[in-house]
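This report concerns only the one structure given below.
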Amino acid sequence: MGYFAQTLTTNKMLCTLLVIELSMSYMMVMGEVYKVGDSAGWDVNSNLDYQSWASSKTFRVDDVLLFEYNATNENVIEVTHSDFRSCNTSTPIKVFNSGNDSFTIKAPGHYFFTSNLSEHCKAGQKIDVRVLKTPPPYKFD
Numbered sequence: 374m375g376y377f378a379q380t381l382t383t384n385k386m387l388c389t390l391l392v393i394e395l396s397m398s399y400m401m402v403m404g405e406v407y408k409v410g411d412s413a414g415w416d417v418n419s420n421l422d423y424q425s426w427a428s429s430k431t432f433r434v435d436d437v438l439l440f441e442y443n444a445t446n447e448n449v450i451e452v453t454h455s456d457f458r459s460c461n462t463s464t465p466i467k468v469f470n471s472g473n474d475s476f477t478i479k480a481p482g483h484y485f486f487t488s489n490l491s492e493h494c495k496a497g498q499k500i501d502v503r504v505l506k507t508p509p510p511y512k513f514d
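In this note's numbering, the protein residues as written are 374 to 514.
This is the structure:
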């Protein structure tokens with residue numbers, strides 16, 4: 374094999390390895406996407422226990438919560454722990470109102486969400502999302 378052919382083969386191998394490494398790095402950074410309520414979505418009429426749904430999941434930094442709901446009837450709000458407990462919907466941290474909203478988790482801790490309608494909150498349409506600390510990245514030796 375000539376010098377040119379050897380160089381070309383080496384370059385192809387290096388490019389292939391680079392693409393594989395970049396793909397793996399991208400996959401490690403991407404979080405899971407969780408549709409809140411799974412197939413029921415975000416709907417007070419589903420009779421879903423949203424607290425049980427949330428506690429059955431393991432949430433981590435960079436995961437995404439997807440809220441799907443009928444935006445003509447309600448929306449989703451992020452609230453403080455105190456407002457979550459009392460179903461006070463008058464002072465939200467953030468309001469989501471498209472009917473197809475995503476929330477990317479940026480830090481460990483608790484995130485509290487409820488319907489903007491306090492009656493729905495009192496009926497159980499609220500979740501406490503507990504986010505675990507992300508373990509340190511795996512080091513390849």
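Virtual Cβ for every residue (Gly too), placed ideally from N, Cα, C.
Which of helix, strand or coil DSSP assigns to residue i
| i | result |
| --- | --- |
| Y442 | coil |
| K467 | strand |
| V452 | strand |
| S488 | strand |
| V417 | helix |
| S475 | strand |
| K495 | helix |
| D411 | helix |
Burial state of residue i, where buried means 16 or more other Cβ atoms lie within 10 Å
| i | result |
| --- | --- |
| Q424 | exposed |
| D456 | buried |
| K488 | Looking at the sequence provided, one finds Ser at residue 488 rather than Lys. Flag for S488 reads buried. |
| D422 | exposed |
| T462 | buried |
| D411 | exposed |
| V409 | buried |
Neighbourhood of residue i by C-beta, 6 Å cutoff - its chain only, sequence neighbours within 5 removed
| i | result |
| --- | --- |
| S419 | A413 |
| R503 | H483 |
| G472 | Y442 and A444 |
| T477 | V437 |
| I500 | Y423, A427 and F486 |
| E405 | D436 |
Nonlocal neighbours in the same chain, by C-beta distance under 8 Å from residue i, ignoring five residues either side
| i | result |
| --- | --- |
| I466 | I450, E451, V452 and T453 |
| S491 | C460, N461 and T462 |
Supposed close pair residue i, residue j - CB separation, criterion 8 Å
| i | j | result |
| --- | --- | --- |
| V434 | K495 | That belief does not hold up - the Cβ atoms of V434 and K495 are roughly 31 Å apart, past 8 Å. |
Other residues of its chain near residue i: CB distance less than 7 Å, five sequence neighbours each side excluded
| i | result |
| --- | --- |
| H493 | V417 and E447 |
| K506 | P481 |
| D474 | F440 and V449 |
| G470 | Reading the sequence as shown, one finds Asn at residue 470 and not Gly. Answer for N470: A444 and N448, listed in chain order. |
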